[in-house]
């Protein structure tokens, strides 16, 4: 019985990899033959970024079982630190892919650090309280970046808060301009980079979930007291999931920011957090393939509905409600019970 | 049971969709150029008319600007098409004042076959789309995206409005020249590039001119409904003029709250204040005596302006603001440039881009928002702002 279940999970993971690779291959072929519309082409990188966001949030919400409403905050940390590094290294490292990788790693590292610092107080809480505190932290991160000034000149990086006191030398450049955000970003995100990031994210998340640590994390989700009683270190495993999730969100932020010439802190607000949560809930908690599909579909949907002009968002909302009903999950709670062990397989396909 | 319910829901959705489709058709009778059927017009009609596209916030918090620009451009397009000669086909896409959506909207326009662009209506989205138009070599002339980042480093991006920093210096200069206030308070939004851009240059210029700024307070997204702290600070410091470099929604609340406190300084705004009179549920009596700098005066006795205002009122039922006038001017500037360059609608966007750059840097244009406007190679326009004051619910020229 146990062997069969494990087998199923593995099969499911390989199916997810295969589908992502297939989607990438098809889109690349379509792109090279020119049958891809500019509209879709422009959305490929944001879709990858949102997919990574959804999968990483699914780790917190679906696998760890804690509702986080500040996930966009980590995306923001990654976006701002990653872009700062990419701009600072613009002359030192001319090769865009190398710079992109460095930016992704730095963005992920800073987001992980932020996740760790936030995790210390937050993970002492449970349920609704945790959700509210993460929401507050998301807003704090937004406020910080709205008041942060970072410039670079020959003397290195300069930083100041509230007003621009960086006093850059000649030839220096203000990278983060408080509410102005970052402007004039070189667009070095590519669909291939996005695809690779999605694959890396999936490998990390699947391996974590299927490891000893992953089972401990799910044990905490299913019954905290029982897990504690058999000696599972609650804080350690909670932190592990939360920090991994934050780091992945950070790298997604880098990918997203490098796709636009300008980025502002207000982009990563509460609404973005909720949007990603919608992807996760719609795709199914703990269901990574579902998250990927939901993120891609819900990013394309508002654009595909442009012909309805004024009624676009109304139709979008109706479609959202219908899909929620169609996947046969009337309440948020039902999701949780659905993914309790023993009730795992079968229904997930919905 | 479940199946039945689901079926019923599907039917409901189909009905809503068909309703939406009908609504779309009847709702856009005021835009006769079939902006509603993108797929069909995308494939044909090449060679007959120039395809002119723009993005703007048609829904959401900044929708007044987007819709005004769209309507203003539509009037100009209708007029020009009726004249014969150069023909335009106009299409506006919604960007909800968001950079990401703006790029999506721009790409949708590209699929439609846009040849020349009206950029985006608001600043941050326009910075994002201008990077795209620059990379794709599509010429763009924005009616109202006023930040410096919009045109910086892009040879094919031009502005019809003046830039944010210029508004700050012009406002300070104007206040000093006219001796409007001895003690000045500034309330601004510190997470908004538009507000910050104007605030910073205003403060710098005020210091240079010896204006006394006694109160400098901020607000941000999320705490923009209660201004009692900022107003008390201004009042207790004895400010007799309050400068409001912001969009009209927070400004309307500030005016209402100051009124209920019994604080009556002089109010001075910038072009973002334009639109306050047409805002739903706003008591225009509160805006009485508010001064603002804007390049457009709907009460002008100028013949073309009067005709435009009359037509706008007839079609859309409100007095046009500066955004509508800017967009109207953009379309006419395109007409003049295209005629002078001898461009034909079968040219590609790239060919048109080179022609337009040459034209815009050399031509002089007379529009509703200024006489003999010129553009330098950076894409910035040179024209002078006019001081306006709100009297009896309408803008009246100060000079």
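Chains as they are written, first to last, in the working numbering: chain A, 1382 to 1731; chain B, 45 to 443. Heads up, the beta-carbon is just placed ideally off N, CA and C, and yes, glycines get one too.
Exercise for review: Closer than 8 Å by C-beta to residue 383 of chain B: which residues in its own chain qualify, once you throw out the five before and the five after it? Chain order, please.
Suggested key: Against the second chain, residue 383 of chain B aligns to sequence position 339. Excluding sequence neighbours, residue 383 of chain B sits near 129 and 130.
Exercise for review: Name the one or two DSSP bridge partners that residue 1569 of chain A has.
Suggested key: As a first step, residue 1569 of chain A must be located in the first chain, where it is residue number 188. Partner(s): none; residue 1569 of chain A has no beta bridge.
Exercise for review: Could you please tell me which residues of the region 1463-1496 of chain A, in chain order, have their CB closer than 7 Å to any CB of chain B?
Suggested key: none
Review point. To the nearest angstrom, how far is it from the Cα of residue 1564 of chain A to the Cα of residue 1625 of chain A?
Key: For this step, residue 1564 of chain A is matched to residue 183 along the first chain. For this step, residue 1625 of chain A is matched to residue 244 along the first chain. Rounded to whole angstroms, residue 1564 of chain A to residue 1625 of chain A spans 29 Å at the Cα level.
Exercise for review: Quick one: using the 10 Å Cβ neighbour count with 16 as the cut-off for buried, is residue 390 of chain B buried or exposed?
Suggested key: Translated into positions along the second chain, residue 390 of chain B becomes position 346. Flag for residue 390 of chain B reads exposed.
Review point. DSSP three-state call for residue 440 of chain B: helix, strand or coil?
Key: As a first step, residue 440 of chain B must be located in the second chain, where it is residue number 396. Correct three-state label for residue 440 of chain B: strand.
Point to revise | Candidates A/1591, A/1633 and A/1600: closest to residue 1581 of chain A by CA position | key: Looking up residue 1581 of chain A in the first chain gives position 200. It is A/1633.
Practice item. Give the straight-line distance between the Cα atoms of residue 1494 of chain A and residue 1474 of chain A, rounded to the nearest whole angstrom. Key: Position 113 of the first chain, counted from the start, is the residue given in the question as residue 1494 of chain A. Position 93 of the first chain, counted from the start, is the residue given in the question as residue 1474 of chain A. Rounded to whole angstroms, residue 1494 of chain A to residue 1474 of chain A spans 25 Å at the Cα level.
Check your understanding: Run through DSSP, which three-state label would residue 1726 of chain A get?
Key -> As a position in the first chain, residue 1726 of chain A is number 345, starting the count at 1. In this prediction, residue 1726 of chain A has a pLDDT of 43, which is less than 50 and means its spatial position is unreliable; nothing more can be read from the coordinates.
**Study point:** Short CB-CB distance (under 7 Å) between residue 379 of chain B and chain A
**Key:** Counted from its first residue, the second chain places residue 379 of chain B at position 335. No, because no Cβ of chain A sits closer than 7 Å to the Cβ of residue 379 of chain B.
**Study point:** Residues bridged to residue 196 of chain B (per DSSP)
**Key:** Taking the second chain and counting its residues from 1, the one referred to as residue 196 of chain B is at position 152. Answer is none; residue 196 of chain B lacks a bridge partner.
Point to revise | Three-state secondary structure assigned by DSSP to residue 1393 of chain A | key: For the purposes of this step, residue 1393 of chain A is identified with residue 12 of the first chain, where counting begins at 1. Helix.
Practice item. Give the interface partners of residue 294 of chain B over in chain A, defined as CB-CB distance under 8 Å, in chain order. Key: Numbered from its first residue, the second chain carries residue 294 of chain B at position 250. Neighbours of residue 294 of chain B on chain A: none; closest Cβ ~14 Å, over 8 Å.
Review point. Mind listing which residues of the region 1509-1543 of chain A have their C-beta closer than 9 Å to chain B's C-betas, in chain order?
Key: 1520, 1523, 1524, 1527, 1528 and 1543
Check your understanding: Using a Cβ-Cβ cut-off of 8 Å (strictly less than) and excluding sequence neighbours within five positions of residue 1702 of chain A, which residues of its own chain qualify?
Key -> One-based indexing of the first chain puts residue 1702 of chain A at position 321. Excluding residues within five positions, none has a Cβ falling inside 8 Å.
Point to revise | Where the alpha helix (DSSP H) containing residue 158 of chain B begins and where it ends | key: Within the second chain, the letter at position 114 stands for residue 158 of chain B. From DSSP, residue 158 of chain B is part of no alpha helix (DSSP H); its letter is neither H nor E.
Exercise for review: List the whole-angstrom C-beta distance separating residue 184 of chain B from residue 174 of chain B, where the pair is believed to meet the contact cut-off of C-beta under 8 Å.
Suggested key: Here the question's residue 184 of chain B lines up with position 140 in the second chain. Here the question's residue 174 of chain B lines up with position 130 in the second chain. 6 Å between Cβ atoms; contact.
Check your understanding: With a CB to CB cut of under 7 Å and the five nearest residues on each side skipped, what residues in its chain are close to residue 245 of chain B?
Key -> Position 201 of the second chain, counted from the start, is the residue given in the question as residue 245 of chain B. Excluding residues within five positions, the ones whose Cβ falls inside 7 Å are 209, 212 and 213.
Point to revise | Residue from B/271, B/267 and B/281 whose Cα sits closest to the Cα of residue 258 of chain B | key: Within the second chain, the letter at position 214 stands for residue 258 of chain B. Ranking B/271, B/267 and B/281 by Cα distance to residue 258 of chain B puts B/281 first.
Exercise for review: Find out if the Cβ-Cβ distance for the pair residue 176 of chain B, residue 193 of chain B is shorter than 7 Å.
Suggested key: For the purposes of this step, residue 176 of chain B is taken as the residue at position 132 of the second chain. For the purposes of this step, residue 193 of chain B is taken as the residue at position 149 of the second chain. No, they are not a contact pair.
Check your understanding: Hey, does residue 1561 of chain A have any beta-carbon neighbour from chain B nearer than 7 Å?
Key -> Reading the first chain from its first residue, position 180 is the one you call residue 1561 of chain A. It does: the Cβ of residue 1561 of chain A has a partner Cβ on chain B nearer than 7 Å.
**Study point:** C-alpha gap between residue 83 of chain B and residue 1685 of chain A, whole angstroms
**Key:** Counting from 1 along the second chain, the entry for residue 83 of chain B is found at position 39. Counting from 1 along the first chain, the entry for residue 1685 of chain A is found at position 304. Note on residue 83 of chain B: pLDDT 38, under 50, position unreliable in the model; no value is reported.
Check your understanding: In its own chain, which residues sit with a C-beta less than 7 Å from the C-beta of residue 1618 of chain A, not counting the 5 before and 5 after it?
Key -> Numbered from its first residue, the first chain carries residue 1618 of chain A at position 237. Result list for residue 1618 of chain A: 1594, 1597, 1598 and 1601, in chain order.
Check your understanding: Residue range of the beta strand (DSSP E) that residue 229 of chain B falls in?
Key -> For this step, residue 229 of chain B is matched to residue 185 along the second chain. Taken as a continuous stretch (DSSP letters only), the beta strand (DSSP E) holding residue 229 of chain B covers 227-233.
Review point. By Cβ distance, which residues of its chain are closer than 6 Å to residue 1467 of chain A, with the 5 residues on each side in sequence left out?
Key: Mapped onto the first chain, residue 1467 of chain A falls at position 86. Excluding residues within five positions, the ones whose Cβ falls inside 6 Å are 1480 and 1484.
Practice item. Grab the span of the alpha helix (DSSP H) containing residue 109 of chain B for me, first residue to last. Key: Here residue 109 of chain B corresponds to residue number 65 of the second chain, with the count starting at 1. Unbroken alpha helix (DSSP H) run through residue 109 of chain B: 107-127.
Exercise for review: Please report how far the alpha carbon of residue 294 of chain B lies from the alpha carbon of residue 168 of chain B, in whole angstroms.
Suggested key: One-based indexing of the second chain puts residue 294 of chain B at position 250. One-based indexing of the second chain puts residue 168 of chain B at position 124. If you take the alpha carbons of residue 294 of chain B and residue 168 of chain B, they lie about 19 Å apart.
Practice item. Whole angstroms is fine: what's the gap from residue 1672 of chain A's alpha carbon to residue 1660 of chain A's? Key: Within the first chain, residue 1672 of chain A is the residue found at index 291, counting from 1. Within the first chain, residue 1660 of chain A is the residue found at index 279, counting from 1. For residue 1672 of chain A and residue 1660 of chain A, the distance between alpha carbons rounds to 6 Å.
Review point. Of all Cβ atoms in chain A, is any one closer than 7 Å to the Cβ of residue 415 of chain B?
Key: Taking the first residue of the second chain as 1, we reach residue 415 of chain B at position 371. No, because no Cβ of chain A sits closer than 7 Å to the Cβ of residue 415 of chain B.
Check your understanding: Looking at residue 350 of chain B and the ligand ATP, is the gap between the Cβ and the nearest heavy atom below 6 Å?
Key -> Within the structure as shown, the ligand ATP is missing, as the structure has no ligands at all.
Review point. Can you list the residues of chain A that residue 305 of chain B reaches, using a CB-CB cut of under 7 Å?
Key: As a position in the second chain, residue 305 of chain B is number 261, starting the count at 1. None at all; the shortest Cβ gap to chain A is about 27 Å.
**Study point:** Inter-residue spacing [alpha-carbon to alpha-carbon] between residue 1692 of chain A and residue 118 of chain B
**Key:** Here residue 1692 of chain A is taken as the residue at index 311 of the first chain, counted from 1. Here residue 118 of chain B is taken as the residue at index 74 of the second chain, counted from 1. One C-alpha to the other measures close to 20 Å.
Review point. Does residue 237 of chain B have its Cβ less than 7 Å from a Cβ in chain A?
Key: Indexing the second chain from 1 puts residue 237 of chain B at position 193. Yes, its Cβ sits closer than 7 Å to a Cβ of chain A.
Practice item. Measure the alpha-carbon distance for residue 235 of chain B versus residue 312 of chain B and round it to whole angstroms. Key: Indexing the second chain from 1 puts residue 235 of chain B at position 191. Indexing the second chain from 1 puts residue 312 of chain B at position 268. Roughly 20 Å between the two C-alpha positions.
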